[in-house]
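In the numbering used here, the protein residues as written are 13 to 154. Worksheet: one structure, shown below.
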């Protein structure tokens, strides 16, 4: 099985991410192994996040947007995972920029041995300000 035969849904919860969602989507769509679909749950954004996502959808990108009024990240992930079309799920958060081969590497690990059901990797948040750096540390240790 090649990594292209493994069908993967990328799951992303968002809320008020107008400043970071483009970077995540651009990184996801430039992966050496693109996700077969990206399922995004918007948890009640009051900024332009949903409109930005709709721009990508209108361009024909394989993105589905689920709108919920009050879905924090955990619930957003669960809602998107429940509506994913594929068995393999990859999870990312807005505010992160995965390496270009992130999904390909995970897919290759998934095929290493029969019976593998979970693979995972590390990620680094985008911390272009002191506040975001503190928030990332608090999120990681919460």
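No residue lacks a Cβ here, since even glycine has one placed at the ideal position from N, Cα and C.
Quiz item: Is residue 53 helix, strand or coil when you go by DSSP?
Solution: Three-state result, residue 53: strand.
Practice problem: Can you grab the Cα-Cα spacing for the pair residue 45 / residue 22, in whole Å? | Solution: 12 Å
Self-check item: Beta-carbon contacts of residue 37 that lie in its chain and below 6 Å, excluding the five residues immediately before and after
Solution: 68
Quiz item: To the nearest angstrom, how far is it from the Cα of residue 18 to the Cα of residue 60?
Solution: 33 Å
Quiz prompt | Secondary structure of residue 15, DSSP reduced to three states | solution = Caution is warranted here: a pLDDT of 45 is assigned to residue 15, below 50, making its placement in the model unreliable, and no coordinate value can be reported.
Practice problem: Could you tell me which residues DSSP pairs with residue 20 in its beta bridges? | Solution: 100
Quiz prompt | Option nearest residue 27 by Cα separation, candidates 20, 48, 123, 88 | solution = Out of 20, 48, 123, 88, 88 has the C-alpha closest to the C-alpha of residue 27.
Quiz item: From what residue to what residue does the beta strand (DSSP E) around residue 27 run?
Solution: Counting along the chain, residue 27 falls outside any beta strand (DSSP E), and DSSP gives it neither H nor E.
Quiz item: Do the segment 113 to 128 and the segment 89 to 97 make contact, defined as three or more Cβ pairs closer than 8 Å?
Solution: no
Quiz prompt | Cβ-based burial, residue 53 [other Cβ within 10 Å; buried from 16] | solution = buried
Quiz item: Which first and last residues belong to the beta strand (DSSP E) in which residue 128 is found?
Solution: DSSP places residue 128 in no beta strand (DSSP E); its state is neither H nor E.
Exercise. Locate the alpha helix (DSSP H) running through residue 46, then write down its first and last residues.
Key: Note, residue 46: premise wrong, no alpha helix (DSSP H); not H, not E.
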